[in-house]
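Here the structure is laid out as structure tokens; the discussion comes afterwards.
Numbering (UniProt numbering), first residue to last: 1 to 229.
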């Protein structure tokens, strides 16, 4: 790869995935450390869709998972999130969250990683439903975006169409768990690290990939299975 080129990476995440939230500081540090040589795209994986789009109470493992993620990654969950989990009524709908990411992603002047992190803060810190249009109004204001443009994009059918396109992309890339960070190569997608990686180990893996030829591996459609926990 020539020094003037930037490596393209795809970050498969879900705004409701607690492990993705725990991975957030690592992928942020990695992106900043390598900003001069990478382009990072964020796509939604679709953890809670279809029959899995259920109230929080349907997932009793979440409180224990919260403690494990904090212990392993150091991220802090907000009191708003704790209250939402305790109430158990918020429906986890990843299609709505993916439409929200798509609405933010199409605005000028925002990085896709900033948009993803804003969604994660809304849920894992404030405990706000990512199906609530007011959440996107607030995020747009926080990030200095056109509030009306963001909310119009979120509520339009095109937002759900883009959400489903993200899910298809994740399946095409054979992502079976997330968070997953992929290096886009001429021969397909090559995974870098995992949820337990550090920014330094991801940078080291990127260095190795950029200097080592990647064998061609055929890509086939596979069903999406969700996060690794």
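We treat Cβ as the ideally placed atom computed from N, Cα and C, and that holds for glycine. None of these values were measured; they are calculated from a predicted model.
Excluding its 5 nearest sequence neighbours in each direction, residue 205 has C-beta neighbours in its own chain below 7 Å: 192, 193, listed in chain order.
Note on geometry: alpha-carbon atoms of residue 190 and residue 177 lie some 14 Å from one another. When Cβ pairs closer than 8 Å are counted between the two stretches, the stretch 150 to 170 is seen to touch the stretch 91 to 101, the count reaching three or more. Using a C-beta cut-off of 8 Å, the stretch 139 to 157 makes contact with the stretch 112 to 121, since at least three inter-stretch Cβ pairs fall below that distance. Looking at 84, 30, 26, 136, the one whose alpha-carbon comes closest to that of residue 105 is 136.
For residue 81, the three-state secondary structure derived from DSSP is helix. For residue 11, there is no enclosing alpha helix (DSSP H); the enclosing beta strand (DSSP E) has its first and last residue at 7 to 13. Here residue 39 carries a strand assignment [DSSP, helix/strand/coil]. For residue 183, the enclosing beta strand (DSSP E) begins and ends at 180 to 185.
For residue 147, the three-state secondary structure derived from DSSP is helix. Listed in chain order, the non-local C-beta contacts of residue 25 below 8 Å within the same chain comprise 73, 74, 75, local neighbours out to five positions each way being set aside. For the options 125, 128, 116, the alpha carbon positioned closest to that of residue 10 is the one of 116. Residue 39 and residue 184 have their alpha carbons spaced roughly 10 Å apart. If the five residues before and after residue 84 are omitted, its C-beta is found closer than 6 Å to the C-beta atoms of 90, 127, all from its own chain and listed in chain order. Annotation: the continuous alpha helix (DSSP H) that includes residue 166 extends over 157 to 172. Straight-line spacing of the CA atoms in residue 63 and residue 22 works out to 14 Å. Taking C-beta separations shorter than 8 Å and ignoring five residues to either side along the sequence, the partners of residue 113 in its chain run 11, 27, 28, 31, 40, 42, following chain order.
According to the DSSP assignment, residue 206 belongs to the alpha helix (DSSP H) that extends over 199 to 211.
Going by DSSP, residue 120 is part of the alpha helix (DSSP H) stretching over 112 to 124.
No Cβ-Cβ contact shorter than 8 Å links residue 138 with residue 94. About 6 Å separates the beta carbon of residue 15 from that of residue 130, a gap short enough to meet the 8 Å contact definition. The Cβ neighbour count for residue 49, taken over all protein chains shown within 10 Å, is at least 16; the residue is labelled buried. Excluding sequence positions up to five before and after residue 80, its CB lies within less than 8 Å of the CB of 125, 126, 127, 128, all in the same chain and listed in chain order. Straight-line measurement puts the Cα of residue 103 at about 8 Å from the Cα of residue 151. Residue burial annotation: residue 198 is exposed, with fewer than 16 other C-beta atoms found within 10 angstroms of its C-beta.
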